[in-house]
Every structure is written in structure tokens, then in C-alpha cells.
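Protein chains: 2
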Amino acid sequence: MDSTVATERALDAAEELFYRNGIQAVGMDDIRAVSGVSLKRLYQLFPAKERLVEAYLERRDAHWRERLAEHVERHRDPERRVVAVFDRLGEWFAEPGFNGCAWINSYGELGAASEPVARQVRSHKAAFKDYVAKLVARAGLPVQLGEQVFLLAEGAMVSAAITRSTAPATHAANATRLLIAAHRR
Amino acid sequence: MDSTVATERALDAAEELFYRNGIQAVGMDDIRAVSGVSLKRLYQLFPAKERLVEAYLERRDAHWRERLAEHVERHRDPERRVVAVFDRLGEWFAEPGFNGCAWINSYGELGAASEPVARQVRSHKAAFKDYVAKLVARAGLPVQLGEQVFLLAEGAMVSAAITRSTAPATHAANATRLLIAAHRR
DNA sequence: CGAGGGGGAGAACGAGCGTTCTCCTCCTCG
DNA sequence: CGAGGAGGAGAACGCTCGTTCTCCCCCTCG
């Protein structure tokens, strides 16, 4: 098996298992079993579990933001794009196997114990917030709204995970529409 | 040492250690060392670590909501009370040792592995949401606003933890004021 | 005073797991 | 064909940790 392929399979397994069960609950041997990549190879590709965790979060970050952007950019109207963030969140919440925000979960689990993980989380959240801020700016709306929409999004993710419901996406979208109107006048 | 006192000391140690370091990172022996309660006694009081975790979350829930209520009820104006939720959050975020929402963290760490913990988290969040809803209703504002304020609060907690900043409380409070005004007209 | 038992200190046990090592297979290249 | 090395299977190692056990002290009560 090619080294690139092995890396990909390892990351696929890591994503599936870490996201569903949490990081500490998954052993390297579980990764081996699901990916079919031997332990020896795994440790060649990722010298420690922590590195695999970092790589998992990093790859997931790229994918997650890509899919968000795809969804948002289907809309032309810059104001509509801001609200479209919550369309994407609602869709995500409804996916089978949705289990909350991988970064928030990882932070709760390892933020205190692993600085590299904490860094990944901060970097992902900063990137997401920047993206929202950009959407808000393009719509000619004030910076403040960016912060507010970001907080609504974070709240929706957490709440959707804990209550196993998609409703928070709708509530957050409603709030966003009201806030936009309020800022417009 | 009286059995009531031992329970209290065990819970004090649990709260300090679990909240700061995460639950899985803390061993029963650490609880023993900090509380001064012997392992034998610990296991008499809490037949398994999971029970201690449940008790920790339960006691913290009572305290947390008490302190929120105290803060909110200093204000007479029912509308002001809604915003006062974020005054309390801001104060909390600034406390030394603030490390995010204990329930969100626990859910990220153990929600997938422990049904009792997941239940505690859901119950705490439901209680907090109900409290916000009650404040909103007393101010003669529509139910929808309750959901929105709740999401802002959750988002603020998560964001304050990850960025180690108190600013989210201010942003959420601003959003809430705008939403109240929007709902009033 | 002596038996009994509750409680403490800490060793012990058993499982899980991150990481490494051993041994074997098989492919490659001279 | 033969040497060498990469890679796989899985055992082994060492550590952590939840939980239990042993041994001892000391207080209580007859």
C-alpha cells in the first residue's frame, strides 16, 4: 500500500472513530483495525497519537470550511450569504452521525492537556470567525454583527449536539435576520 | 471525619480537579490526595468514579444557577434582567481559573461514553434555558427571544473558553439588546 | 482489660493502551 | 538465485488507573 494511501486511510479511520467516540476512547489499535494500516506503518506516518489527532483536526478543518463555503456561495446576495451559514449548519446537524463540533469536543477533552490540540481549535475557530466577518463586511454590515453571528453559530452547534435537534439552526438564523434588520436602520 | 464532611471534601476536590484538568485526566488517587479522604472511604461514598462525576456535576449545577439568579435578581426591571444574564457570564469569564462551561466540556469528553453524564448535561442545559425563557416571558417578550438569548449565552461560553477572553459576554449582551428592541416594535 | 470493628495507608490486581520489538514473508535488485 | 530490506501480524513492555484487598491502629463497649 502506497504511503499516501495509507495516510489517507489512517486519517479516514481517525476521523470516523475520534469524531464518533471521542479521542481518548479510541486506541491506536482501533485505528489500525478500521484503517487496515499496521501499527508499524501508523507510527512511521504519525510518530505519536497526538500527531494523528492534529492531522485529523487539520484535515477536517479544511473539509468543513470548504463545505460551508460551497453552501454559502450558492447565493448571490451578500446579505443572504450571511444567513446561509445557518442553512449549512442546519444541514450538518441533520446528517446521520452528527455529534457536535469536533473542535469544541476536542477542546473539552484535551484543551487542558494538549497545547497542540488547543492551538488547532483556536486556529479553526479564528478561521471560522474571520469567514463570518468577511461575509458581514461584504454585505456592508458593521463588524459587531460578525461577532454576534459567530456567537449564534457556536451556540447553535453546542445546543444541537446536546439536545440532538436541528432547531438551533433555525433559531439562530431567525436571530441573525433580526440583527441584520436592526443594524440596517 | 464525619461522613457528611468527607462527602463535601471529596466533592470539593472533584470540582477543583475535574473542572481544571478534565475528568479523564484526574484519577481517583488525585481526588484522595487533594481531599484527604481515603480511597476506601471514597468508594463507600461513591461506588464508582462515574458516581462521583455525576455528584460533581449535580452540585455544581445548583451552585451555578444560584449565583446566576442572585446576580439577575439584583435588577428590578424585567427587561434588564434578561441582559443581566450576560453581566453574570462576563463576571464568570473573568474569574481566575475560568475554564469554560463544565457541562459542555464534560459532554465533549464523555457524552458519547457515559449516558449518566449526558443526562446531567442535558438536564443542566434544559434548566438554564428554562430560566432564560422565564426571564423573557416576565419581560413580556416573545418565546422566540428566549431561544435566541440562550444560543448567544452558549456561544459566549464556548468562545470565552477557547479564546480566553471576556469579550464574548459583551458582544452577546449587545446582540441581546438589539434583539429585544427588534422584538418590541 | 480484651474483643471487635470501623477506618486509614498503601500495596496489589487486572485491564487498557501507547509504543516498541520480534519474527516472518515477500518483493526487489544485483 | 540469493541477500537485503520493507512491511505485516501480533506479542511484549511499561505505565496509568479504577477498584479491591491486606494489614494495622485505635476507639468503643461489655
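Protein chains in written order, with UniProt numbering: chain Y, 1 to 185; chain D, 1 to 185.
Beta carbons: idealized from backbone N, C-alpha and C, even for Gly.
Short Cβ contact (8 Å threshold) for residue i with residue j
i, j, result
"leucine 145 of chain D", "isoleucine 180 of chain D", "yes"
"arginine 109 of chain D", "glutamate 109 of chain Y", "It should be pointed out that residue 109 of chain D corresponds to glutamate in this sequence rather than to arginine. In this structure, glutamate 109 of chain Y lies closer than 8 Å to glutamate 109 of chain D by Cβ."
"leucine 57 of chain D", "glutamine 120 of chain D", "yes"
"leucine 89 of chain Y", "alanine 169 of chain Y", "yes"
"valine 82 of chain Y", "valine 136 of chain Y", "yes"
"threonine 176 of chain D", "phenylalanine 86 of chain D", "yes"
"glycine 22 of chain D", "asparagine 105 of chain D", "yes"
"arginine 20 of chain D", "glycine 97 of chain D", "yes"
"histidine 124 of chain Y", "aspartate 29 of chain Y", "no"
"alanine 6 of chain Y", "leucine 45 of chain Y", "yes"
"alanine 127 of chain Y", "arginine 59 of chain Y", "no"
"leucine 141 of chain D", "alanine 182 of chain Y", "no"
Proximity winner among the options, relative to residue i (alpha-carbon distances)
i, options, result
"arginine 122 of chain D", "Y:Lys129, Y:Ser159, Y:Ala169, Y:Gly22", "Y:Ser159"
"proline 47 of chain D", "D:Arg65, D:Ala10, D:Phe150", "D:Ala10"
"leucine 52 of chain D", "D:Arg184, D:Arg67, D:Val117, D:Asn174", "D:Val117"
"glutamine 24 of chain D", "Y:Asp2, Y:Ala113, Y:Phe93", "Y:Ala113"
"glycine 155 of chain D", "Y:Ala172, Y:Glu8, Y:Lys49, Y:Ala55", "Y:Ala172"
"tyrosine 76 of chain Y", "Y:Ala55, Y:Ala139, Y:Glu91, Y:Glu15", "Checking the displayed sequence, the identity of residue 76 of chain Y turns out to be arginine instead of tyrosine. Comparing Cα positions, the closest option is Y:Ala139."
"threonine 163 of chain Y", "D:Asn99, D:Thr163, D:Lys129", "D:Lys129"
"valine 132 of chain Y", "Y:Val72, Y:Glu95, Y:His63", "Y:Val72"
"methionine 157 of chain Y", "Y:Ala94, Y:Lys49, Y:Leu178, Y:Ala55", "Y:Ala94"
"leucine 68 of chain Y", "Y:Glu91, Y:Glu54, Y:Ala55", "Y:Glu91"
"glutamate 115 of chain D", "D:Arg74, D:Glu50, D:Arg185, D:Pro78", "D:Glu50"
"tryptophan 103 of chain Y", "Y:Ala55, Y:Lys134, Y:Glu147, Y:Lys40", "Y:Ala55"
"alanine 167 of chain Y", "D:Pro78, D:Gln148, D:Arg185", "D:Gln148"
"proline 78 of chain Y", "Y:Phe150, Y:Met1, Y:His63, Y:Lys134", "Y:Lys134"
"alanine 161 of chain Y", "D:Phe150, D:Gly111, D:Ser165", "D:Gly111"
"glutamate 8 of chain Y", "Y:Val34, Y:Val26, Y:Gly27", "Y:Val34"
"aspartate 2 of chain Y", "Y:Ser38, Y:Gly27, Y:Glu15, Y:Ile31", "Y:Ser38"
"asparagine 174 of chain Y", "Y:Arg184, Y:Arg185, Y:Lys40, Y:Ala84", "Y:Ala84"
"histidine 63 of chain D", "D:Arg80, D:Arg185, D:Glu15, D:Arg184", "D:Glu15"
Residue range of the alpha helix (DSSP H) that includes residue i
i, result
"alanine 126 of chain D", "115-138"
"asparagine 21 of chain Y", "3-21"
"valine 143 of chain D", "143-163"
"glycine 111 of chain D", "Neither: glycine 111 of chain D is in no alpha helix (DSSP H) and is coded neither H nor E."
"arginine 65 of chain Y", "49-72"
"glycine 90 of chain Y", "78-94"
"threonine 176 of chain Y", "167-184"
"serine 35 of chain D", "28-35"
"glutamine 24 of chain Y", "It is not in any alpha helix (DSSP H) - glutamine 24 of chain Y carries neither H nor E in the DSSP assignment."
Cutoff 8 Å: residue i Cβ touching any chain D Cβ
i, result
"residue 188 of chain Y", "Past the edges of chain Y, shown from 1 to 185, lies residue 188 of chain Y, and the structure says nothing about it."
"residue 201 of chain Y", "Because chain Y spans 1 through 185 in this model, residue 201 of chain Y falls outside it and cannot be assessed."
"proline 168 of chain Y", "yes"
"alanine 156 of chain Y", "yes"
"serine 165 of chain Y", "no"
"lysine 125 of chain Y", "yes"
"alanine 175 of chain Y", "yes"
"alanine 84 of chain Y", "no"
"alanine 182 of chain Y", "yes"
"leucine 178 of chain Y", "yes"
"alanine 172 of chain Y", "yes"
"alanine 25 of chain Y", "yes"
Short CB-CB distance (under 8 Å) between residue i and chain Y
i, result
"glycine 90 of chain D", "no"
"isoleucine 31 of chain D", "no"
"leucine 39 of chain D", "no"
"serine 114 of chain D", "no"
"glycine 22 of chain D", "yes"
"glutamate 73 of chain D", "no"
"arginine 122 of chain D", "yes"
"lysine 134 of chain D", "no"
"leucine 17 of chain D", "no"
"leucine 151 of chain D", "yes"
"glutamate 147 of chain D", "yes"
"alanine 55 of chain D", "no"
"serine 159 of chain D", "yes"
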